[in-house]
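Take a look at the structure set out below.
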DNA sequence: CACGCTGTTGTGAGCGCTAACAATCAACCT
DNA sequence: AGGTTGATTGTTAGCGCTCACAACAGCGTG
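Chains as they are written, first to last, in the UniProt record's numbering: chain A, 1 to 348; chain V, 1 to 348.
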């Protein structure tokens, strides 16, 4: 209301220049923190900018610099705790480095969706993409797509020549398994995630290695799909085995490949009248916020999702700005969180 | 390798025009589906585009059209199931409408963070913002910020004159409470969310209304902070009351304002030796994926987060494209999911 | 046959910005 | 004193696109 002609059109650099009595180039210099500007001039310009409420037009800037300063993120299963937390870390890091980040969530994992996502982002001129695509087939598709900008994978493994960041899944699995063996269990059963997932593979591998190193023959692997329901089903099977006591390998300890499935396992055991950890110890992976309040509180492996997000942005920006060339792969350390579900009980 | 001078610079519209033997304007017309282009010409151009792998430069386009076709999203607590699912819905809807969407996750809820977020997005020329800011103070701050583009709130209430989309929280709370009364409980206790949250208020209001309508005096409200731990604490208090049997209001049914807190309540009750639902029935809100596998499976209110996301984008785009002017507020219907945690047991 | 119409294509300007270069001036050195 | 340097500012030319308009065909009509 103070301004008679409001809402006409945002002020341009030329407007600021006129207001400050300098050339538009000087305004540009002030905005880009160029050193060779007299302090007094800088002041004038800053004041004029403030007075007019000027904002640099990012489209014009992008046009001439050929830099959009925009990053893309492609993620599957964004409603889950892990990916969602990684996204937060990613996004914060990108913002700090002066990039805009745009996310594309993929529902399932068809290669077509991936291609469309890359296309969508490319049409907006992103300078790079972080792909949170933990399935082998996705990473494969990504590598073959050969995008016109750098792509960094999260949990994408290091077989293919894409740079990436992962939690050291195998180490995490080793930590849990060793913890269970140390607690006196003669063997450790495993409920794995779905086959195509790199995280499943690594966790299973870590578990298997520890057992084999200890001269223990790994029992048959049960497989779920990360959901509590699939864990429940696996749990029912385990409960049956635990009660039968006939099997070659007694069930006294289970390493479940994620916390959600562990929740299902716990329920199935409880329903089967089996006490945890008294009769069967259970451990998970991820440390979702609920894990501490499971019945009983769940021993699990914590992933520093925020760190993963931050480091993948770091890696991507290094590639974009030409500081990195190789397909480097960073590993983030996991942390074992010990809780009641694997606590050695009084019974022998 | 096939092309001697690759990677120099992406092809421009002029390149395509030359390749197709037309003017750049004709290329532009083909790209924008302008009707007045001869079919044969269109074909030529399309082929040339394909041959060169041409992509329209979005920055140049934005510069001249003054439309960035970019939307911003500001969200708090993006690692939680609800906000994360809403984001997915949002983002998908925006993409379908041809917008790029960029998300800013806020850690806590300081007004400063909000202002910075708006600023960050504004400096990229977003045409509108969806704010998933369920705290009253946030919405207040948003309204006062007076952004230079339309802002649509999600779960932001309808007191202030911002357009928005919400789940009908109050209805959801009424549904649960009525369900519990219908199951024969003489009263229903309530563990509410934090004070500043609009969702807490609405859920508490719905609960209170039903009780009062039934001539029941609502018991004292316990308050948590949405976390399982806070639910656990509230649950301990409730367990104490349930066992004491001295209080004016016996504890036989509890409506907890979200599923995570309900998990904590369940654990505390179990530890207090109280059977659910035998002695105390418990219901939650949200229907997170884990809820079905709680001990026992949790009766709760399902929110269609994806629909909320979709509708808020619809509303925002309506405002941007001038189809809506008023601060309309849309409500999405909740759905009661009945599970074992409130199942009437055999005991009287 | 001149006229106006419609459909199709081309031309020129300019969106708001940065990069490259030119111009100016004071300070400094020999 | 003359020339050289460096700091500060201005001028000009696009970045790749869309918009407004001009140009030109082909057609039917009075």
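Virtual Cβ for every residue (Gly too), placed ideally from N, Cα, C.
- Contact of residue 263(V) with chain A by beta-carbon distance below 7 angstroms involves 290, 293.
- Residue 130(V) holds the alpha-carbon nearest to the alpha-carbon of residue 319(V) among 338(V), 40(V), 216(V), 130(V).
- Closer than 9 angstroms to the CB of residue 138(A) there is not a single CB belonging to chain V.
- Sorting 149(V), 62(V), 116(V), 24(V) by C-alpha distance to the C-alpha of residue 322(V) places 149(V) at the top.
- Within the region 191–242 of chain V, the runs of alpha helix (DSSP H) that reach at least 4 residues and sit entirely inside it are, in chain order, 198–213.
- By the Cβ criterion, the region 158–170 of chain V is not in contact with the region 93–106 of chain V, since fewer than three pairs of Cβ atoms, one from each stretch, lie closer than 8 angstroms.
- Following the DSSP letters along the chain, one finds residue 269(V) inside the alpha helix (DSSP H) bounded by residues 259–271.
- Residues of chain A whose Cβ lies closer than 8 angstroms to the Cβ of residue 142(V) do not exist; the shortest such Cβ separation is about 19 angstroms.
- Between the alpha carbons of residue 128(V) and residue 13(V) lies a distance of about 29 angstroms.
- Using a Cβ-Cβ cut-off of 9 angstroms, residue 125(A) is close to 55, 57, 58, 59 of chain V, given in chain order.
- Taken in chain order, the whole alpha helix (DSSP H) runs of length 4 or more contained in the region 92–155 of chain V are 111–123, 136–145.
- Chain A has a Cβ within less than 9 angstroms of the Cβ of residue 231(V).
- Here residue 287(A) is not near residue 276(A), since their CB atoms are 9 angstroms or more apart.
- Three or more Cβ pairs closer than 8 angstroms define a contact, and the region 220–228 of chain A meets that threshold against the region 259–274 of chain A.
- In this structure, the alpha-carbon of residue 146(A) lies about 34 angstroms from that of residue 37(V).
- Here residue 86(A) is near residue 312(A), since their CB atoms are less than 9 angstroms apart.
- For a cut-off of 8 angstroms, the C-beta gap from residue 235(V) to residue 269(V) is around 6 angstroms, short enough to register as a contact.
- Following the DSSP letters along the chain, one finds residue 162(V) in no beta strand (DSSP E), marked with neither H nor E.
- In this structure the region 48–58 of chain V touches the region 13–23 of chain V; the number of beta carbon pairs closer than 8 angstroms is three or more.
- At a cut-off of 9 angstroms, the C-beta of residue 270(A) has a neighbouring C-beta in chain V.
- In the structure shown, residue 87(A) falls within a helical segment according to DSSP collapsed to helix, strand and coil.
- Excluding its 5 nearest sequence neighbours in each direction, residue 97(V) has C-beta neighbours in its own chain below 8 angstroms: 313, 317, listed in chain order.
- Spatial neighbours of residue 206(V) in its own chain (CB-CB distance under 6 angstroms, excluding positions within 5 residues in sequence) are listed in chain order as 170, 173, 174.
- Any Cβ of chain A closer than 9 angstroms to the Cβ of residue 78(V) would place that residue at the interface, and such an atom is present.
- Proximity of residue 260(V) to chain A, defined by a Cβ-Cβ separation below 9 angstroms, is satisfied.
- With a cut-off of 8 angstroms on Cβ pairs, the region 281–298 of chain A is not in contact with the region 151–165 of chain A, counting fewer than three such pairs.
- DSSP places residue 329(A) in the strand class (E or B) of the three-state scheme.
- In the DSSP annotation of this structure, the continuous segment of the alpha helix (DSSP H) that includes residue 169(V) starts and ends at 169–182.
- Its chain contains 169, 173, 257 as the residues whose beta carbon lies nearer than 6 angstroms to that of residue 203(V), once the 5 sequence neighbours on both sides are disregarded; these appear in chain order.
- With its beta carbon less than 9 angstroms from one in chain A, residue 102(V) belongs to the interface.
- Residue-level contact check: residue 222(V) does not touch chain A, since none of the beta carbons of chain A fall below 9 angstroms from its beta carbon.
- In this structure, residue 338(A) lies near residue 179(A), with their beta-carbon atoms less than 9 angstroms apart.
- Taking CB atoms only, residue 339(A) has no neighbour in chain V less than 9 angstroms away.
- Residue 99(V) is positioned such that its CB atom lies no closer than 9 angstroms to that of residue 63(V).
- Between the C-alpha atoms of residue 76(A) and residue 106(A) there is a straight-line separation of about 5 angstroms.
- If you compare the alpha carbons of 198(A), 191(A), 243(A) with that of residue 219(A), the shortest gap goes to 191(A).
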